[in-house]
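*Asks:*
There are 4 protein chains.
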Amino acid sequence: MSRLKLGMVGGGQGAFIGAVHRMAARLDGEWDLVAGALSSDPERALASSRALGLDDARSYSSFSAMAEAEAARPDGIDAVAIVTPNHVHADVAIAFLSIGIHVICDKPLAATEAQAQDIAQAVKASGKCFVLTHNYTGYPLIRHARELVKSGALGDIRVVQVEYAQDWLAEEVSNKQADWRTDPSKSGAGGCVGDIGTHAYNLASFVTGLKATSLSADLSTFVDGRRLDDNAQVMLRFEGGAKGMLWSSQVAVGNENALKLRVYGSKGGIEWAQENPNVMSFTRLGEPKQLLTRGGPGTTAEDTRIPPGHPEGYLEAFGTIYSDAALFIRAHDRDARDTQGSLLPDIHDGLAGMAFVTACVDSSSKDAAWVSL
Amino acid sequence: MSRLKLGMVGGGQGAFIGAVHRMAARLDGEWDLVAGALSSDPERALASSRALGLDDARSYSSFSAMAEAEAARPDGIDAVAIVTPNHVHADVAIAFLSIGIHVICDKPLAATEAQAQDIAQAVKASGKCFVLTHNYTGYPLIRHARELVKSGALGDIRVVQVEYAQDWLAEEVSNKQADWRTDPSKSGAGGCVGDIGTHAYNLASFVTGLKATSLSADLSTFVDGRRLDDNAQVMLRFEGGAKGMLWSSQVAVGNENALKLRVYGSKGGIEWAQENPNVMSFTRLGEPKQLLTRGGPGTTAEDTRIPPGHPEGYLEAFGTIYSDAALFIRAHDRDARDTQGSLLPDIHDGLAGMAFVTACVDSSSKDAAWVSL
Amino acid sequence: MSRLKLGMVGGGQGAFIGAVHRMAARLDGEWDLVAGALSSDPERALASSRALGLDDARSYSSFSAMAEAEAARPDGIDAVAIVTPNHVHADVAIAFLSIGIHVICDKPLAATEAQAQDIAQAVKASGKCFVLTHNYTGYPLIRHARELVKSGALGDIRVVQVEYAQDWLAEEVSNKQADWRTDPSKSGAGGCVGDIGTHAYNLASFVTGLKATSLSADLSTFVDGRRLDDNAQVMLRFEGGAKGMLWSSQVAVGNENALKLRVYGSKGGIEWAQENPNVMSFTRLGEPKQLLTRGGPGTTAEDTRIPPGHPEGYLEAFGTIYSDAALFIRAHDRDARDTQGSLLPDIHDGLAGMAFVTACVDSSSKDAAWVSL
Amino acid sequence: MSRLKLGMVGGGQGAFIGAVHRMAARLDGEWDLVAGALSSDPERALASSRALGLDDARSYSSFSAMAEAEAARPDGIDAVAIVTPNHVHADVAIAFLSIGIHVICDKPLAATEAQAQDIAQAVKASGKCFVLTHNYTGYPLIRHARELVKSGALGDIRVVQVEYAQDWLAEEVSNKQADWRTDPSKSGAGGCVGDIGTHAYNLASFVTGLKATSLSADLSTFVDGRRLDDNAQVMLRFEGGAKGMLWSSQVAVGNENALKLRVYGSKGGIEWAQENPNVMSFTRLGEPKQLLTRGGPGTTAEDTRIPPGHPEGYLEAFGTIYSDAALFIRAHDRDARDTQGSLLPDIHDGLAGMAFVTACVDSSSKDAAWVSL
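Read top to bottom, the protein sequences are chains R, Y, L and B.
If you want my numbering, it's the 1-based position in the first sequence plus 9.
If you want my numbering, it's the 1-based position in the second sequence plus 9.
If you want my numbering, it's the 1-based position in the third sequence plus 9.
If you want my numbering, it's the 1-based position in the fourth sequence plus 9.
Structure representation (structure tokens):
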């Protein structure tokens, strides 16, 4: 089976997440990167494209030129990966969707609710696939956790504790990554809560299958002069009565990418941490705690590539999103539409994430009053 | 030096915390238990007292009889340990304090704010020592953490995450321990938040040296028919701008006594968990995480009994409270009053804990509105 | 029930293990320390004894004087704890046993095989109780591990990996503890292998119930000028075909008291580490790993004092040896002899430990040739 | 820069390590798989090749046909990956080397010493690159450990404890992976010791930079009817006086791929475990233990792809071997020969591994007598 053809917008030299998308796309051999508008600076775009071995003819200096040209080629791209800062997502996504090209977009969905709605409309109008890279949902044990919840092994969900702690912004930092993330015009109204809080929120929803109905948020900015929050503390209420706490921080010294999820129900509890993602604890009420391993006893080997005890990591989880996207897009292109059973985060997750950020900012501005979602 | 003489109210057969107090008191050889009103049931009181090898003459069937008799004896007790359910603390404490006997009292201070104030008044009027057994403050690494904060090694405190999770009340349970703890008339207005939330709150304050100025609490009761909360989620604001989250739960399946404290400042962070209390991580911003061990490199051996790598536990930390109490009481009896430098939790911590419970219940009843402390 | 009366030989000011024995003896309220020959230096003996609150009349300047005097008193001691350097054990033990006083003796049994045999003869001749404080056998999960093996839950034992690593002798060290341990005339022919290797060996035997039939040892002395081994690497062959490795080291930088045991059989495996002794992993072949906790689901609460999740440690395990010794001695004194079911390490374990040290030294001197046990 | 062209021998449907090599080769975009003799069964070879999207013209049914054809093509492969069972390595390697094609070969080098020597001769005669995929040397923290040792941060190396424990062969197992690994005609004289013991041995040598001078090995076969060892216990003596223990097992119930390395020197110690490879402890004598993270403070970000806290795993380490191989081969092809500074395991490591297996089998057959290396 021939590989799908991928284009990329953003991700030129000096960027972080673009390289991640490229490795993820390569890992399972489902995609070939063949075109790019890798930077808004034409020189950097070309240099980046050459470093990646792309054909000069498919190195574009604007995403709109790229959309038009690729749509016109018989061997044009099947999908575009959008890996720009948040405020650019909407224009790019709409350009490609409207011209009939599938979109794989980094999170959060956009910088503003209005942009998010525009994208949603374009998705609907185009009938094209839209995948949002909430990559942590690609971890096999996270998918297993979701199955455990679904199967009733945890009983009624009562408590959801989720957190994502980092420390890279504990001081004033100036570099390409930090600059746009702390700039409201590029990042949107949420700082830490948008950048990583949305991951935590998405993960909790993905595993529990529950929607939060309201939240109360206390956002803080601890570093002088910073214009967006760098620490978010949120209480959540879920449909069905479960209660949650979400903490995201970029100033928690000693934490690198400490995304952790704990879910407790009437019959069982699970605990998982991203930094060592190949193990998850699972306790049935009154029984000893079990350590489930990725692909080990009591779990399926689905979505895993190598035997238990050989660690898979962040790139493999991300790669699963890309491989699932390939499956999804092939099915879509073959059958017009077949989203049955896909675990891929989509436009609805993107809108939910935007609503979460908006509600957090709103609640925090009202002294952490409860805000509906 | 001869040992101090201890009496005990409560803690008869079938009780839990009384036996803990007795082991803690014995550990360092500073105390002899010589008298008791171990149960309100005279037969059980006598049987319990005999099982402990007490002189029948000093086995009392009421605490008031005990207070009078012991105060009258030339070899009467130096202090009484109160290990009854919460609603009895006040009467007992006042009886002993007013007759001139020092008090060591289990937490929380009382079942109601009014009782708490009565105790506080009795402490003040009597001039006697009053120690509240927030035993977790006796862990050497917790005391070291406090020193680290005080020394400025963490910089300005920004974020305080504290939690105490258990699962023993995940279902309806009926036994001596569960019954009074879930009975508002004995436990007070707080269930889980009073029983273990106060420990978490006290620990955070002890280590950071910060007072919370307000809180927003969402209390839940997940088990049908239970009359008090079994899960508490609280957001905290501290003087100086630090923000905190506190979670206490008795329904978090897979957790036994998972008390955890994490404190992050502008220069460093610490993380500690009670279930493996002989290690604490400490990270200076930009440096590798260090694992400090109890009595190991970078810590003092103060308040430790055995070399690093030989684990001390809950009873040793509790024993430190008793040994410090002995020191404190000897100093008091010698010098009229010498509380300089004592780390012992006292009446002020007791009142702070009561205020915390009251505020949580109040806030929760107002849809988690902020309540001042 | 009145407490048993304990005497102590050794353990004066500056000593380590004497204080441990005293705390262990106090913990459960089964023993009162009433007499001591705490130092061979009379002044230090008296000062030490007063610091402990002993009656001056029962502070002896020689163990032989103590044995005679205590045997003659109507309220004489029930047992003596021997906490001297190894080379003194035999004389003291024989003195007390022959005069009819039970002995609790620190490990290893003696400095030489000849001394060990003399003690064994005295035990036999006297009919008195002899307890060797291989304290790690007092850990509840170690006892549970023994039960698991006995129950067949692990199947046929195949592999036993045991180790005890420290780093306190990684450099030349001079203090009371180090000096006698590195002096062949006091410690015996084994250095590290005698001091902690015997603990590891005893633990492996205790849990598996297997005797080693032969061993091959490579002892090393890494610190210049040291006269005894500070690192021991040993291969073991057990009856029934199991194979083992034992490593003990006092120069393994970064290890405090890292005693670890792993046992694998045809049906299951267990793993336990002393530094966090309240958890043990247990895996049945083909099933998820379980984390058993002390007193938690799947284990008994026997030999535990406090609920799971409240850590017990080294002193509690040591205390269990003392409490079991009290039970054992009471039963013996009542029924002439009742050792049925006692888990206490005894003279046979002491002889086995000596044989282990002798074999290791012998094997190592023969280029690690196999030596029978 | 255009990608290097890779061929593969072995690795058809049902194989394990072939897929790993392919993912590793893809990850960093340095290689394109363009040709294969994926199975000795022509039908399976073709089916496998089609599933991978190879051109039918470059799907060969024999490795010799492939070597000739590819050498003759102007766009022939730059290197061949050999992922067959051990006994086939030599013939394949020699065929490709002699015709001028670089070789990347799975470990161990061969099934017999004679085969190994033949390969070595072919490497020498051909002047071509030969890379042995001791993939664990690709873990960034393992490379950092090597640097630490080299820098003198650990002082003189004293003790090396290495182990690789699995449990997948704890019972009789029959499948493609198990069958050849337990068949002496395919695997060679070593079972577990050859399959994973060589990894452990290589890792210890790689990190310490030390060669073992002699060893004493006790190999066991615990599963009835198995023809090769499934458990190996080995004592090692290194040049310079360091002592080591190596344990490899395929019957250690509860272990998946528990490769662990601990190295202790006069000034420091390190501890690392493959199952959570993004953290390594490092202790300087007398200082707190540090937890170094991949790319985190105190380490370089070399050979890492993503920020610390985002776990990389087995495939990334394997990918680093492939990317380094690409660098190495490009340099070789450009400059005739430039191996300066390469960390890649090569023919010498392969021979050392074979010598290790031979010595273990030899020693074990002589009751674990010391055998020189």
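Even for Gly, the Cβ is constructed at its ideal location relative to N, Cα and C.
Here the structure is a predicted model, which means the values were calculated and not measured.
#1: Establish whether the CB of M75 of chain B and some CB of chain R are separated by less than 7 Å.
#2: Measuring straight from C-alpha to C-alpha, what distance separates G23 of chain Y and L228 of chain R?
#3: Report buried or exposed for E52 of chain B, applying the criterion of at least 16 other Cβ atoms within 10 angstroms of its Cβ.
#4: Helix or strand or just coil, what does DSSP make of D65 of chain Y?
#5: Am I right that L224 of chain Y and V380 of chain Y are in contact with their C-beta atoms under 8 Å? What's the rounded C-beta distance?
#6: With 7 Å as the threshold, decide whether the Cβ of M244 of chain B is near any Cβ in chain L.
#7: With distances taken Cα to Cα, identify the nearest neighbour of Y323 of chain B among B:V43, B:G147 and B:S135.
#8: Are the beta-carbon atoms of D41 of chain Y and K14 of chain Y separated by less than 7 Å?
#9: Please report whether the beta-carbon of L36 of chain B lies at a distance below 7 Å from any beta-carbon of chain R.
#10: I want to verify the contact list: residues of chain Y whose CB lies under 8 Å from the CB of G62 of chain L, in sequence order.
#11: Quick one: is G109 of chain B buried, meaning 16 or more other Cβ sit within 10 Å of its Cβ, or exposed?
#12: Run down chain Y in chain order and give the residues with a C-beta less than 9 Å from the C-beta of A267 of chain L.
#13: Taking 7 Å as the CB-CB limit, is G307 of chain Y close to chain B?
#14: How many angstroms separate the CA atom of E248 of chain Y from the CA atom of F337 of chain B?
#15: What residues from chain R crowd round E5 of chain L, counting only those whose CB sits closer than 9 Å?
#16: So for Y148 of chain L, helix, strand or coil by DSSP?
#17: Three-state secondary structure (DSSP) at N287 of chain Y?
#18: Between the stretch 182-197 of chain Y and the stretch 278-293 of chain Y, are three or more C-beta pairs nearer than 8 Å?
#19: In angstroms, rounded to a whole number, what distance separates the CA positions of G359 of chain R and Y210 of chain Y?
#20: DSSP has T230 of chain Y in a bridge; who is on the other side?
#21: For the alpha helix (DSSP H) containing C114 of chain B, name the first residue and the last one.
#22: On the three-state DSSP scale, how would you describe R343 of chain R?
#23: Applying the 10 Å Cβ sphere with the 16-neighbour rule, what's the burial state of D333 of chain Y?
#24: If L178 of chain R and F291 of chain R are in contact, beta carbons under 8 Å, what's the gap, nearest whole angstrom?
#25: How would you list, in chain order, the residues of chain Y whose beta-carbon sits under 8 Å from the beta-carbon of V202 of chain R?
#26: Do the stretch 130-139 of chain Y and the stretch 58-72 of chain Y touch if we need at least three Cβ pairs shorter than 8 Å?
#27: By the criterion of Cβ-Cβ separation under 8 Å, what are the contact partners of Y323 of chain L in chain Y?
#28: Using C-beta distances below 8 Å, list every residue in its chain close to L383 of chain B, excluding the 5 sequence neighbours before and after it, in chain order.
#29: Given a threshold of 16 other Cβ atoms within 10 Å of its Cβ, counted over all protein chains shown, does A123 of chain R qualify as buried or as exposed?
#30: Taking CB distances under 7 Å as the criterion, tell me whether M17 of chain Y reaches chain L.
#31: Which bits of chain B does N95 of chain L rub up against, with CB to CB less than 8 Å?
#32: Can you tell me which residues form a DSSP beta bridge with K5 of chain Y?
#33: Determine the contact status of V202 of chain B and S257 of chain B, defining contact as a CB-CB distance below 7 Å.
#34: Measure the alpha-carbon distance for L353 of chain B versus G305 of chain B and round it to whole angstroms.
#35: DSSP beta-bridge partners for T292 of chain Y?
#36: Rounded to the nearest angstrom, how far is the Cβ of P320 of chain Y from that of P320 of chain L, given a contact under 8 Å?
*Replies:* Reading it off the structure:
#1: The residue labelled residue 75 of chain B in the question sits at position 66 within the fourth sequence. No, M75 of chain B lies away from the interface with chain R (no Cβ there is under 7 Å from its Cβ).
#2: Within the second sequence, the letter at position 14 stands for residue 23 of chain Y. Within the first sequence, the letter at position 219 stands for residue 228 of chain R. Counting only the Cα atoms, L228 of chain R lies some 47 Å from G23 of chain Y.
#3: As a working note, residue 52 of chain B is residue 43 in the fourth sequence. That one is exposed.
#4: In the second sequence, residue 65 of chain Y corresponds to position 56, counting from 1. Note: D65 of chain Y maps to helix in three-state DSSP.
#5: Along the second sequence, read from residue 1 onward, the residue named residue 224 of chain Y stands at position 215. Along the second sequence, read from residue 1 onward, the residue named residue 380 of chain Y stands at position 371. Contact holds; Cβ gap of about 6 Å.
#6: On the fourth sequence, position 235 is the one that residue 244 of chain B refers to. It does: the Cβ of M244 of chain B has a partner Cβ on chain L nearer than 7 Å.
#7: Position 314 of the fourth sequence holds residue 323 of chain B. Closest by alpha carbon: B:G147.
#8: What you label residue 41 of chain Y is simply residue 32 of the second sequence in a count that begins at 1. What you label residue 14 of chain Y is simply residue 5 of the second sequence in a count that begins at 1. Closer than 7 Å, so yes.
#9: Residue 36 of chain B sits at position 27 when you count from the first residue of the fourth sequence. It does: the Cβ of L36 of chain B has a partner Cβ on chain R nearer than 7 Å.
#10: Position 53 of the third sequence holds residue 62 of chain L. Those within 8 Å of G62 of chain L in chain Y are M10, S11, R12 and G38.
#11: Taking the first residue of the fourth sequence as 1, we reach residue 109 of chain B at position 100. Of the other Cβ atoms in all chains shown, fewer than 16 fall within 10 Å of the Cβ of G109 of chain B; this residue is therefore exposed.
#12: Within the third sequence, numbered from 1, the residue matching residue 267 of chain L stands at position 258. Simply G318.
#13: Locating residue 307 of chain Y in the second sequence gives position 298, counting from the first residue. Output row for G307 of chain Y: interface = yes.
#14: Working through the second sequence from its first residue, we reach residue 248 of chain Y at position 239. Working through the fourth sequence from its first residue, we reach residue 337 of chain B at position 328. If you take the alpha carbons of E248 of chain Y and F337 of chain B, they lie about 59 Å apart.
#15: This structure leaves residue 5 of chain L out entirely; chain L is present only between 10 and 382.
#16: Position 139 of the third sequence, counting from 1, holds the residue named residue 148 of chain L. Coil, per DSSP.
#17: Position 278 of the second sequence, counted from the first residue, corresponds to residue 287 of chain Y. In this structure, N287 of chain Y counts as coil in the three-state DSSP scheme.
#18: no
#19: Counting from 1 along the first sequence, the entry for residue 359 of chain R is found at position 350. Counting from 1 along the second sequence, the entry for residue 210 of chain Y is found at position 201. Approximately 37 Å, taken between the alpha carbons.
#20: Residue 230 of chain Y sits at position 221 when you count from the first residue of the second sequence. Paired residue(s): none; T230 of chain Y is not in a bridge.
#21: If you number the fourth sequence from 1, residue 114 of chain B lands on position 105. It is not in any alpha helix (DSSP H) - C114 of chain B instead sits in the beta strand (DSSP E) that spans H111 to C114.
#22: As a first step, residue 343 of chain R must be located in the first sequence, where it is residue number 334. In this structure, R343 of chain R counts as helix in the three-state DSSP scheme.
#23: By one-based count along the second sequence, residue 333 of chain Y stands at place 324. When all chains shown are included, D333 of chain Y counts as buried.
#24: Mapped onto the first sequence, residue 178 of chain R falls at position 169. Mapped onto the first sequence, residue 291 of chain R falls at position 282. No, L178 of chain R and F291 of chain R are not in contact; Cβ-Cβ is about 34 Å, not under 8 Å.
#25: Looking up residue 202 of chain R in the first sequence gives position 193. By Cβ distance, chain Y contributes nothing, its closest Cβ being about 13 Å from V202 of chain R, past 8 Å.
#26: When Cβ pairs closer than 8 Å are counted between the two stretches, the stretch 130-139 of chain Y is seen not to touch the stretch 58-72 of chain Y, the count staying below three.
#27: Taking the third sequence and counting its residues from 1, one reaches residue 323 of chain L at position 314. Near Y323 of chain L (Cβ distances below 8 Å), the residues of chain Y are I315, H319, P320 and E321.
#28: Chain B is shown only over 10 to 382; residue 383 of chain B falls outside these bounds and no answer can be derived.
#29: Walking along the first sequence from the start, residue 123 of chain R turns up at place 114. It counts as exposed.
#30: As a first step, residue 17 of chain Y must be located in the second sequence, where it is residue number 8. Output row for M17 of chain Y: interface = no.
#31: Indexing the third sequence from 1 puts residue 95 of chain L at position 86. The contacting residues do not exist; N95 of chain L stays about 25 Å from chain B at best.
#32: Given that chain Y is displayed from residue 10 to residue 382, the structure contains no residue 5 of chain Y and the question cannot be resolved.
#33: Reading the fourth sequence from its first residue, position 193 is the one you call residue 202 of chain B. Reading the fourth sequence from its first residue, position 248 is the one you call residue 257 of chain B. Taking 7 Å as the Cβ cut-off, V202 of chain B and S257 of chain B qualify as a contacting pair.
#34: What you label residue 353 of chain B is simply residue 344 of the fourth sequence in a count that begins at 1. What you label residue 305 of chain B is simply residue 296 of the fourth sequence in a count that begins at 1. For L353 of chain B and G305 of chain B, the distance between alpha carbons rounds to 24 Å.
#35: By 1-based counting over the second sequence, the position of residue 292 of chain Y is 283. In the DSSP output, where bridge partners are listed per residue, T292 of chain Y has Y:G278.
#36: Reading the second sequence from its first residue, position 311 is the one you call residue 320 of chain Y. Reading the third sequence from its first residue, position 311 is the one you call residue 320 of chain L. The pair is a contact, with the Cβ atoms about 7 Å apart (cut-off 8 Å).
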